[in-house]
Structure formats: structure tokens, C-alpha cells
Amino acid sequence: MAVKRFLIKAKLIEKKELGKDYHISWFDAPEIVSNISPGQFVMMESGQYLLRPFSVYETDGQKAGFLYKVIGWGTSFLSKLNIGDQVLIHGPLGKGFTYPEDKNKPILIVAGGIGIATFPIVARIAHEKGYKIKTLFGARSANDLVCAEELKKYGELEAITDDGSSGRKGFVTELLKNELTKNKNQEIMVCGPTPMLKSVIKVCNEFSVVGQVSFEEYMACGYGVCMSCVVMSNGKYIRTCFEGPVMRSDAVSV
């Protein structure tokens, strides 16, 4: 089935700060809302020549929400928009997460840092479909555990931080090992910075399980032309924006 993609001017209708450097921006984007699959992304105007990729955090009616951390020009531009301003959005793009056919198979979300931004919509829809959900959330500090309370609405959440300011001190891979030791028959869905993803993939390989991994890579086009977002897979490069961003963990070389 052909994927519908749209190039629209979307109006900012709501914005909210979630603490230091974290924001949610809501745009009137019915075309995106009607066609998005959990885990897909859009390319959004960034104040520069090139658009920038953003995960869809959640949808509400005709609104599409985007959770982001201000760390560069594009996110700074987005955070400074005023209500009523319009931006160019292209999407939905890429391949999202796939829910297991077996409704009795629990879903284990593994998020690192701002990689959590893709999971509220994933968790909500999984909850609506009747899956049991648990989230493992790793971040630098308690201040970076954004939207944790929202995810708790859909299932258990266990946090771990680099500095020990919330939950255990350590890395999210430690929590993943504990979970897989108890039960390997879980649908693992992962998103976070590349070093964390590579560590998670190694854990999956160690336990002989396959997870769904969403890569966060810089990209210029969003639809497979520029080749700036490639990752290595079985000796060849594949495009994060086109073959991904969600890929099987056993398809990615680490």
C-alpha cells in the first residue's frame, strides 16, 4: 500500500515548557494526524535552508505534538515560534514500530534521553490495543526524565540516571539485562542516542532476541536521496529515513 505523504504549512496552536530546555509544540496538522504510524517522523522547517527531522510525540484531534530538547539552531528556532506562526512540515516519513500479532506478548519500551519523544503515541496505541507495557527510561539526570508520568498511565516505568538523581545510578542497558533475564519473550522497542542503541543491540544479541530499534540520525532530505543518514547493515549501508528509522536489531551492524 502506498504511503501518503504531505507537504503542508502547519500553524502552531499550543506550546509548553517541560523544564530546562524541553518543550512540546502542537501544530494544526490534520493530514499528518490522519496518516501517521507510531514511530514515523516528519521533516520540519528549522529556520535554515534544510528541514530537520522530528518524531511525532502524540496526536490529539487534528493536532500533532512534538517533544524536543533545545540543543541547536533548529530546535531553538522551533522553541521561539509564537502561537499562530506557520512552519513547513513534510511527512509522515519512514517506517514505524510494528505491534506483535500475539496480544499476550508484552511490549518493553527502552528509551534513552530525548529518544523518549517517540514513545507516548506508541504506548497509548499499544494500551488501546490491549498490550501490557513496561518502559525502561535512561537519562542523564532527574531533570531529563520528561513525560515519564504520562507513560506511567499506560504501564510500569522504571527509570535509571547517569548521576543517580532519580531511580538507580547507571545505564538503561542494565535494566534491559534484568528484564531479559526474567523474560526474553517481550517485544522490545528502542529509541535513543546512537551509542545507547549500539549497546542495546549488543544486549539483544547476547540474549538471542530481536528488538525494534529506532535510529536518530542527522538527515537532509528525509526520503532516501541524500544518503546522509546511513547506518551499516550486513556489510552495506541502509538509509535511516527510508529503510528505517525503525529497524530490526539483528539487521544493524555494531
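Letter by letter, the sequence shown follows residues 12 to 265 in my numbering. No residue lacks a Cβ here, since even glycine has one placed at the ideal position from N, Cα and C. This one's a predicted model, so the numbers in the text were calculated from it and none came from an experiment.
Requested in this report: List the whole-angstrom C-beta distance separating Thr146 from Leu162, where the pair is believed to meet the contact cut-off of C-beta under 8 Å.
Outcome: Within the sequence shown, residue 146 is the residue found at index 135, counting from 1. Within the sequence shown, residue 162 is the residue found at index 151, counting from 1. Indeed they touch by this definition, with Cβ atoms about 5 Å apart.
Requested in this report: Inspect the CB distances between the region 83-98 and the region 190-205 and report whether three or more fall short of 8 Å.
Outcome: no
Query raised in the report: DSSP on Gly149, reduced to helix/strand/coil?
Result: One-based indexing of the sequence shown puts residue 149 at position 138. It is a strand residue.
Query raised in the report: How is Pro117 classed by DSSP in three states: helix, strand or coil?
Result: Taking the first residue of the sequence shown as 1, we reach residue 117 at position 106. Here Pro117 sits in coil by DSSP.
Query raised in the report: Can you find a CB in chain C that lies within less than 8 Å of the CB of Ile127?
Result: This model lacks chain C altogether; it includes just one protein chain.
Query - According to DSSP, residues forming a beta bridge with Met200 - result: Here residue 200 refers to the residue found at position 189 when the sequence shown is read from its first residue. Answer is Ile120, Gln223, bridged to Met200.
Query raised in the report: Under the DSSP definition of a beta bridge, which residues are partnered with Lys247?
Result: By 1-based counting over the sequence shown, the position of residue 247 is 236. Answer is Ser244, bridged to Lys247.
Query raised in the report: From Val81 to Val67, what distance separates their C-alpha atoms?
Result: For the purposes of this step, residue 81 is taken as residue 70 along the sequence shown, with counting starting at 1. For the purposes of this step, residue 67 is taken as residue 56 along the sequence shown, with counting starting at 1. Going by the C-alpha atoms only, they are around 16 Å apart.
Query raised in the report: From Gln223, Met243, Gly85, Gly235, pick the residue whose C-alpha is nearest to that of Leu104; which is it?
Result: Taking the first residue of the sequence shown as position 1, residue 104 is located at position 93. Among Gln223, Met243, Gly85, Gly235, the Cα nearest to that of Leu104 belongs to Gly235.
Query raised in the report: Under a Cβ-count criterion, where at least 16 other Cβ atoms within 10 Å of its own Cβ denotes burial, should Tyr79 be classed as buried or exposed?
Result: Within the sequence shown, residue 79 is the residue found at index 68, counting from 1. Label assigned to Tyr79: buried.
Query raised in the report: With burial defined as no fewer than 16 other Cβ atoms inside 10 Å of the residue's Cβ, what is the status of Gly30: buried or exposed?
Result: For the purposes of this step, residue 30 is identified with residue 19 of the sequence shown, where counting begins at 1. Gly30 is exposed by the Cβ-count criterion.
Query raised in the report: Does the Cβ-Cβ distance between Phe226 and Met258 come in under 8 Å?
Result: The residue given as residue 226 occupies position 215 in the sequence shown. The residue given as residue 258 occupies position 247 in the sequence shown. Yes, the Cβ-Cβ distance between Phe226 and Met258 is below 8 Å.
Report task. With DSSP as the reference, please indicate the residues paired to Pro111 in a beta bridge. Result -> Your numbering for residue 111 matches position 100 in the sequence shown. Bridge partners of Pro111: none, in fact.
Query - Ser87 classed as buried or exposed, judged by whether at least 16 other C-beta atoms fall within 10 angstroms - result: Position 76 of the sequence shown holds residue 87. Label assigned to Ser87: exposed.
Report task. Measure the Cβ-Cβ separation of Cys202 and Thr129 and say whether it is below 8 Å. Result -> In the sequence shown, residue 202 corresponds to position 191, counting from 1. In the sequence shown, residue 129 corresponds to position 118, counting from 1. Yes; because the gap between Cβ atoms is below 8 Å, this pair is in contact.
**Report entry** Residue span of the beta strand (DSSP E) that contains Phe65, given as start and end
**Finding:** The count along the sequence shown starts at 1 and reaches residue 65 at position 54. Where Phe65 is concerned, the enclosing beta strand (DSSP E) stretches over 63-66.
**Report entry** First and last residue of the uninterrupted beta strand (DSSP E) at Pro103
**Finding:** The count along the sequence shown starts at 1 and reaches residue 103 at position 92. Element bounds for Pro103: 97-104.
Query raised in the report: Three or more C-beta pairs closer than 8 Å, one from the region 98-113 and one from the region 162-175: is that the case here?
Result: no
**Report entry** Span of the alpha helix (DSSP H), counted from its first residue to its last, around Ser87
**Finding:** Within the sequence shown, the letter at position 76 stands for residue 87. Note, Ser87: alpha helix (DSSP H), 84-90.
Requested in this report: Counting only the same chain and skipping the five closest in sequence on each side, list residues whose C-beta sits under 6 Å from that of Asp96.
Outcome: Counted from its first residue, the sequence shown places residue 96 at position 85. So the list reads Leu23, once near-sequence residues are dropped.
Query - Simplified DSSP state of Pro49, which is helix, strand or coil - result: For this step, residue 49 is matched to residue 38 along the sequence shown. Pro49: coil per DSSP, three-state reduction.
Query raised in the report: Which residue's Cα is closest to the Cα of Pro131: Phe148, Lys116, Asn115?
Result: As a first step, residue 131 must be located in the sequence shown, where it is residue number 120. Minimum Cα distance to Pro131 is reached at Phe148.
Query raised in the report: According to the neighbour-count rule (16 or more other Cβ atoms, all chains shown, within 10 Å of its Cβ), is Gly126 buried or exposed?
Result: The residue given as residue 126 occupies position 115 in the sequence shown. Label assigned to Gly126: buried.
Query - Those residues which DSSP pairs with Ile144 across a bridge - result: Residue mapping note: residue 144 aligns to position 133 of the sequence shown, counting from 1. Ile118, per the DSSP bridge assignment.
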